[in-house]
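Residue numbering for the sequence shown follows this note's numbering, beginning at 207 and increasing consecutively.
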Amino acid sequence: MSLDNKTLKTYRSIGHHLNPVVMVANDLSDNVQAEIDRALSDHELIKVRIVSDDREARKAVIDEICREHNAEKVQVIGKIVLLYRKADKASLKPHLSNISRFSDKA
Numbered sequence: 207m208s209l210d211n212k213t214l215k216t217y218r219s220i221g222h223h224l225n226p227v228v229m230v231a232n233d234l235s236d237n238v239q240a241e242i243d244r245a246l247s248d249h250e251l252i253k254v255r256i257v258s259d260d261r262e263a264r265k266a267v268i269d270e271i272c273r274e275h276n277a278e279k280v281q282v283i284g285k286i287v288l289l290y291r292k293a294d295k296a297s298l299k300p301h302l303s304n305i306s307r308f309s310d311k312a
């Protein structure tokens, strides 16, 4: 799943106004994984804060999150990553989706 440049730009502009919904401290525990999955299912576009001073460790955690949750990395700025995963039509709640809520403001 690769996003084109226009879509990435739109998602970055939407993500600019979002706050991180999940913070990853030491490792990706089952609870953190479940919360990331829930947030991606509900909101489609989320920010995650990786609390680590090691760049390589942050990159490894981001890659693992993307792989485990079939998510697309939209942008990384410092310790914050913006992630996108398209929600299933059956489980999509438009009033929760950041894409549908903010697409007219982007």
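Using N, Cα and C, we set each Cβ at its ideal position, and we do this for glycine too. Please read these numbers as outputs of a predicted model, since none were measured by experiment.
Chain B within 7 Å of residue i, Cβ atoms only
i      : result
Asn232 : The structure shown contains no chain B; it is built from a single protein chain.
Residues sharing a beta bridge with residue i, DSSP
i      : result
Lys279 : Leu289
Val230 : Ile256
CB contact flag (residue i, residue j, <7 Å)
i      : j      : result
Leu224 : Lys265 : no
Val228 : Glu241 : yes
Leu246 : Arg291 : yes
Val267 : Leu214 : no
Where residue i falls, given that 16 or more other Cβ within 10 Å makes a residue buried
i      : result
Glu250 : buried
Asn276 : exposed
Arg261 : exposed
Ala231 : exposed
Ile283 : exposed
Arg244 : exposed
Presumed contact (8 Å Cβ cut-off) between residue i and residue j, rounded CB distance
i      : j      : result
Ile220 : Ile305 : 7 Å
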